[in-house]
Amino acid sequence: MSAAAESADALVFFGATGDLAYKQIFPALQSMIRHGRLDVPIVGVAKAGWTLEDLRRRAHDSLSEHGGVDEAAYAKLVAQLRYIDGDYADPQTFVRLRETLGDACRPLHYLAIPPVLFGTVVEALGRSGCAEEGARVVIEKPFGRDLESALELNRTLASVFPERHIFRIDHYLGKEPVENLIYFRFANSFLEPIWNRDHIRSVQITMAENFGVAGRGAFYESAGAIRDVVQNHMLQVLCLLALDPPSPNEPDALRNEKSRLMSSIRPLAPEDVVRGQFDGYHDEPGVAPDSTVETFAAVRVAVDNWRWEGVPFLIRAGKQLPVTATEVLVELHHPPETIFDAEDDRRRNTFRFTLSPEVELALQARAKLPGEEMVGEDVQLIAHHRRADEMPPYERLLGDAMRGDATLFAREDTVEAAWKVVAAILDDTTPLHRYAPGTWGPAEADRLLTDDDCWHDPRGPTT
Ligand code: BG6
Numbered sequence: 001m002s003a004a005a006e007s008a009d010a011l012v013f014f015g016a017t018g019d020l021a022y023k024q025i026f027p028a029l030q031s032m033i034r035h036g037r038l039d040v041p042i043v044g045v046a047k048a049g050w051t052l053e054d055l056r057r058r059a060h061d062s063l064s065e066h067g068g069v070d071e072a073a074y075a076k077l078v079a080q081l082r083y084i085d086g087d088y089a090d091p092q093t094f095v096r097l098r099e100t101l102g103d104a105c106r107p108l109h110y111l112a113i114p115p116v117l118f119g120t121v122v123e124a125l126g127r128s129g130c131a132e133e134g135a136r137v138v139i140e141k142p143f144g145r146d147l148e149s150a151l152e153l154n155r156t157l158a159s160v161f162p163e164r165h166i167f168r169i170d171h172y173l174g175k176e177p178v179e180n181l182i183y184f185r186f187a188n189s190f191l192e193p194i195w196n197r198d199h200i201r202s203v204q205i206t207m208a209e210n211f212g213v214a215g216r217g218a219f220y221e222s223a224g225a226i227r228d229v230v231q232n233h234m235l236q237v238l239c240l241l242a243l244d245p246p247s248p249n250e251p252d253a254l255r256n257e258k259s260r261l262m263s264s265i266r267p268l269a270p271e272d273v274v275r276g277q278f279d280g281y282h283d284e285p286g287v288a289p290d291s292t293v294e295t296f297a298a299v300r301v302a303v304d305n306w307r308w309e310g311v312p313f314l315i316r317a318g319k320q321l322p323v324t325a326t327e328v329l330v331e332l333h334h335p336p337e338t339i340f341d342a343e344d345d346r347r348r349n350t351f352r353f354t355l356s357p358e359v360e361l362a363l364q365a366r367a368k369l370p371g372e373e374m375v376g377e378d379v380q381l382i383a384h385h386r387r388a389d390e391m392p393p394y395e396r397l398l399g400d401a402m403r404g405d406a407t408l409f410a411r412e413d414t415v416e417a418a419w420k421v422v423a424a425i426l427d428d429t430t431p432l433h434r435y436a437p438g439t440w441g442p443a444e445a446d447r448l449l450t451d452d453d454c455w456h457d458p459r460g461p462t463t
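Here the sequence shown is numbered in my numbering, starting from 1 and rising by one per residue.
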């Protein structure tokens, strides 16, 4: 955990009339108010020619569509809400913001705006006195589109805010089952002796989505699966699975360990990746007819340290796959000798962490089938299973940022290290293979497997 900080005394969100505010921020604000976690002025900023009344209506529409309106909490939200309609390039917008903030001296500025505008807004916040001593800033991924632009973005942010006041949202880190990965690893003593190359044969992380780019074609064209989810969500999950235990005595220990782990990942080479694109991607609105952007990526990652030397970490992420599910499968070596049926030889113990849509933690083992013969079957020891009804990541993360706790946010050094990992496989450096919607991506992905391995496909929701 980060050192205790004073809570923010105002919440400003740029992009108040935009999509992210509509889908995520208003529901998170209402929920925080309902739970008594937000009682400071909330200032929306945008350039839309709107009034405060328009923004309140927008908030109501957003809540009706995303989770429902809680009348009491909504009434408080309306009372706390202010609105500034102004151009981000106009200094007057920020003069008005400073006036609206009144006595507030620790505002949290949430930049729910396109990344090209980050620089303009951050610098204007600095010039207008809105970024004094206690002020904080929250930004959304993508944090740059390669190492160079990430460095540039970090320089801009650092010219106005100290690193401890910069909160980079990777919403995966705000997910309860993702946090549980490190909790489960370090709250139990039985795992640590086997959590290394001596016992673990491979790790697979699969993020499957059974839909396409869902109307975000224009954005996706500038991203592709590697930039959209591999460089951030998937590598962050890998770090949580592989990092060393954080020391309770070291400030920011978890993020230090994550950074160390990310820096131990061997930069990916073209032969470590297979890119795919689903048939029909070109027909999505906003997509170029000859686009070579990948909607699927499989990568084989090596972690160069003593704990993980020789253990492949295989990541797959794709759109238009058979199910929507995110799952981690940790496979152990099989026993050194086959004593029972030959079938046992091909079966290995696994730990399965299903992160969504349901949350499940299971150990797969072999047990003897009743009868005279020594033959067995796979059994699942389900350690933990519940519906995914946790606090939504945005509420969790916004609450943490308001309190000044940066533990679950991506740090500059880790983001830059992650860009170094993918630097050599971005854009069209590797071939693009087609795949049919509803399949597990191009068959070429099998090339990344070794020996008699296979891909472990998540089965998706059980109901
Ligand atoms: C986002 C990506 O960061 O994560 C999307 O831009 C992806 O392409 C989404 O669909 C998945 O997040 P979740 O929480 O819905 O699994």
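The beta-carbon is built from N, C-alpha and C at its ideal position, and this holds for glycine as well.
Is I226 helix, strand or coil by DSSP?
-> It is helical.
Near the ligand BG6: V229 beta-carbon under 7 angstroms from a heavy atom = Checking the Cβ of V229 against the ligand BG6 gives yes.
What does a CB cutoff of less than 6 angstroms around M1 pick up in its chain, not counting 5 residues either side in sequence?
-> With a pLDDT of only 44 at M1, under the threshold of 50, the placement of this residue in the model should not be trusted; the figure read from the coordinates follows. Excluding its 5 nearest sequence neighbours in each direction, M1 has C-beta neighbours in its own chain below 6 angstroms: T407, listed in chain order.
Confirm the yes/no value for this check: CB of H233, any heavy atom of the ligand BG6, distance under 7 angstroms.
-> For the ligand BG6, at least one heavy atom lies less than 7 angstroms from the Cβ of H233.
Should H282 be listed as close to the ligand BG6, given that the test is whether its C-beta is under 7 angstroms from any heavy atom?
-> Flag unset: Cβ of H282 not near the ligand BG6.
Kindly indicate which residue of D19, K368, Q80 has the alpha-carbon position closest to the one of L11.
-> Comparing alpha-carbon positions, the option among D19, K368, Q80 lying closest to L11 turns out to be Q80.
Whose C-beta lies closer than 7 angstroms to the C-beta of P469 among residues of the same chain, with five residues either side of it excluded?
-> In the structure as shown, the chain starts at 1 and stops at 463, and residue 469 therefore has no counterpart that could be examined.
Reducing DSSP to helix, strand and coil, say where M207 ends up.
-> Looking at M207 - three-state DSSP - the assignment turns out to be strand.
Nearest to T130 by alpha carbon, out of F13, P370, T324?
-> Residue 130 is actually Cys in this sequence, not Thr. Checked all of F13, P370, T324; the closest Cα to C130 is F13.
In the DSSP assignment, find the unbroken alpha helix (DSSP H) run with R127 in it and report its ends.
-> 118–127 is the extent of the alpha helix (DSSP H) around R127.
Residues bridged to T354 (per DSSP) | Partner(s): E327, E360.
Kindly identify the DSSP beta-bridge partner or partners of H66.
-> Answer is none; H66 lacks a bridge partner.
Nearest-angstrom Cα distance between F161 and H334?
-> A direct Cα-Cα distance of roughly 51 angstroms separates F161 from H334.
Same chain, Cβ closer than 7 angstroms to L398, five either side skipped, listed in chain order = Closer than 7 angstroms at Cβ, skipping near neighbours: A28, M32.
Is the distance from the Cβ of V415 to the Cβ of R168 below 8 angstroms?
-> Yes, they are a contact pair.
According to DSSP, which residues form a beta bridge with K368?
-> According to DSSP, K368 bridges with G376.
Excluding sequence positions up to five away, which residues of its chain have a Cβ less than 6 angstroms from the Cβ of R411?
-> So the qualifying residues of the chain are R255.
Straight-line CA distance for E294 to T100?
-> Whole-angstrom Cα-Cα distance: 45 angstroms.
P107 - containing beta strand (DSSP E), residue span | Residue range 107–111 is occupied by the beta strand (DSSP E) that includes P107.
Considering only residues of the same chain and omitting the five flanking positions on each side of V229, which have a CB-CB separation below 8 angstroms?
-> When the five nearest sequence neighbours on each side are left out, the beta carbons in the same chain lying within less than 8 angstroms of the beta carbon of V229 are those of M207, A317, in order along the chain.
Say the cut is 7 angstroms; is the CB of H66 nearer than that to a heavy atom of the ligand BG6?
-> Because no heavy atom of the ligand BG6 lies under 7 angstroms away, the Cβ of H66 does not count as near it: no.
Rounded to whole angstroms, how far is the Cβ of A25 from the Cβ of A112, which I believe are closer than 8 angstroms?
-> One detail in the question is off: residue 25 reads as Ile in this sequence, not Ala. Contact between I25 and A112 is confirmed by a C-beta separation of about 6 angstroms, below the 8 angstroms threshold.
Helix, strand or coil at R197 [DSSP, three-state] | Secondary structure at R197: coil, using DSSP grouped into helix, strand and coil.
For the candidate residues A150, D428, I194, L63, whose alpha-carbon lies nearest to that of Q277?
-> Among A150, D428, I194, L63, the Cα nearest to that of Q277 is on D428.
Would you call the CB atoms of L432 and L314 closer than 8 angstroms?
-> Cβ atoms of L432 and L314: not closer than 8 angstroms.
Consider the C-beta atom of S356 and the heavy atoms of the ligand BG6; say whether any pair is separated by less than 7 angstroms.
-> Because some heavy atom of the ligand BG6 lies under 7 angstroms away, the Cβ of S356 counts as near it: yes.
Going by the beta-carbon positions, is the gap between P458 and E358 smaller than 8 angstroms?
-> No, the Cβ-Cβ distance between P458 and E358 is not below 8 angstroms.
Within the present structure, is the beta-carbon of E209 separated from the nearest heavy atom of the ligand BG6 by less than 7 angstroms?
-> Result yes, Cβ under 7 angstroms from the ligand BG6.
Take L381 and list the residues in its own chain whose beta-carbon comes closer than 7 angstroms to its own, dropping the five residues that flank it on each side.
-> Only residues of its own chain outside the window of five on either side were considered, and among them A362, L363, A365 have a CB closer than 7 angstroms to the CB of L381, listed in chain order.
Residue of A401, T350, E373 minimising C-alpha distance to V379 = It is T350.
Quick one: using the 10 Å Cβ neighbour count with 16 as the cut-off for buried, is W195 buried or exposed?
-> So W195 counts as buried.
E6: buried (16+ other C-beta within 10 angstroms of its C-beta) or exposed?
-> Exposed, by the Cβ-count rule.
Beta strand (DSSP E) containing V273: first to last residue?
-> For V273, the enclosing beta strand (DSSP E) covers residues 273–278.
Taking just the CA atoms, how far does R37 sit from R56?
-> Cα to Cα, the separation comes out at about 20 angstroms.
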